[in-house]
Amino acid sequence: MESSRLLNKFLEKLQIAISRNLNLSSYLDISKLEKILAVDSAYKNSELMVTVGVLWSLKIKDIIEESYVVSKPTYEYIPGLLFIREAPSIIEVVEKISGGWDLLIVDGHGVLHPRRAGLAVIAGFILDKPTLGIAKKLLVGEEAGGGDMGPVYLDGKVLGFWFKDKRKFYVSPGYKIGVEEIPEIIKLMGGRYPEPLEIADRLARKKVNEINY
DNA sequence: GCGACAG
DNA sequence: ATCTTGTCGC
Ligand SMILES: [Mg+2]
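Numbering (the numbering used here), first residue to last: 154 to 366.
Printed below as a string of structure tokens:
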């Protein structure tokens with residue numbers, strides 16, 4: 154596994170180009186939001202990587218379908234360039250899901266990113282689907298407000314929201330979703346850290362641990 | 001120059 | 001993200 158300075162620089166330019174004309178207008182009918190597709194990855198020994206997709210129904214609060222892909226990490230983790238590590242297998246697991254869905258949620262940031270092009274932005278852009286980035290820690294930006302929810306500012310603009318569940322988590326638009334829609338969407342998902350994302354995390358870890366060779 | 005730094 | 005034992009609590 155490697156990364157070259159030239160390639161890193163190129164990937165950053167790619168992010169800038171993508172975010173320059175990013176479509177963040179609403180393509181999501183929140184009143185009809187029902188099926189969520191959550192994706193997450195787990196690793197082992199920098200040899201193995203498992204990415205899982207969990208198709209979740211808000212109505213029945215249960216899993217409808219699962220998919221996964223096993224691979225080998227091809228790029229080291231660099232803060233700000235997570236997408237080159239995880240986006241390729243995310244695209245694969247999403248395409249393996251046969252059922253339809255309304256919203257993709259990704260474990261990582263959307264526009265709450267130094268170049269407004271986090272993993273959720275890249276994934277949504279490639280798939281051309283409404284996508285939200287949901288992260289457990291802030292990469293950039295400043296939290297404001299108090300209580301159990303508040304905005305996150307970057308360069309004087311609200312680019313995301315923080316929420317308090319058992320832990321804090323941060324939500325920002327990935328693609329075809331406006332930042333102002335986020336509080337309502339999170340409320341629809343129970344006002345908590347999204348269950349399907351928790352399940353995808355657990356499933357990926359389980360899978361990566363039962364594979365050995 | 002130094003520190004911070006999604007997963 | 002992963003490594004990693006015991007320990008606190010329902
Ligand atoms: Mg993850």
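All C-beta atoms in this analysis are idealised placements derived from N, C-alpha and C, irrespective of residue type, glycine included.
DSSP state of residue i mapped onto helix, strand, coil
i      : result
Gly343 : coil
Pro336 : helix
Leu292 : coil
Gly263 : coil
Ile122 : The chain is shown from 154 up to 366; residue 122 falls before or after that span and cannot be answered.
Ser157 : coil
Ile183 : helix
Pro304 : strand
Leu312 : strand
Lys162 : helix
Ser325 : strand
Arg238 : helix
Glu229 : coil
Ala297 : coil
Arg269 : coil
Ser172 : helix
Asn365 : coil
Leu167 : helix
Buried versus exposed call for residue i [16 or more other C-beta atoms within 10 Å across all chains shown]
i      : result
Lys289 : exposed
Pro232 : exposed
Val223 : exposed
Asp193 : buried
Phe163 : exposed
Lys166 : exposed
Lys310 : exposed
Gly206 : buried
Met342 : buried
Leu208 : buried
Ile335 : buried
Residue(s) in a DSSP beta bridge with residue i
i      : result
Leu208 : Leu190 and Glu218
Lys197 : Leu201
Val247 : In the DSSP output, where bridge partners are listed per residue, Val247 has none listed.
Leu257 : Leu190 and Thr284
Glu224 : It is worth fixing the name first, because residue 224 is Ser in this sequence and not Glu. According to DSSP, which records beta bridges pairwise, Ser224 is partnered with Met202.
Lys317 : Lys321
Pair within 8 Å by beta-carbon distance, residue i and residue j
i      : j      : result
His266 : Val246 : no
Leu201 : Ile250 : no
Glu219 : Leu356 : yes
Arg269 : Ser179 : no
Phe316 : Pro304 : no
Tyr323 : His262 : yes
Gly327 : Leu285 : yes
Ile258 : Ile287 : yes
Lys329 : Gly271 : no
Ile339 : Ile183 : no
Thr204 : Ile169 : no
Ala240 : Arg358 : no
Lys188 : Asp255 : yes
Around ligand 1, Cβ to any heavy atom closer than 5 Å, ordered along the chain:
Every residue passing the under-5 Å Cβ criterion appears here: Asp193 and Asp260.
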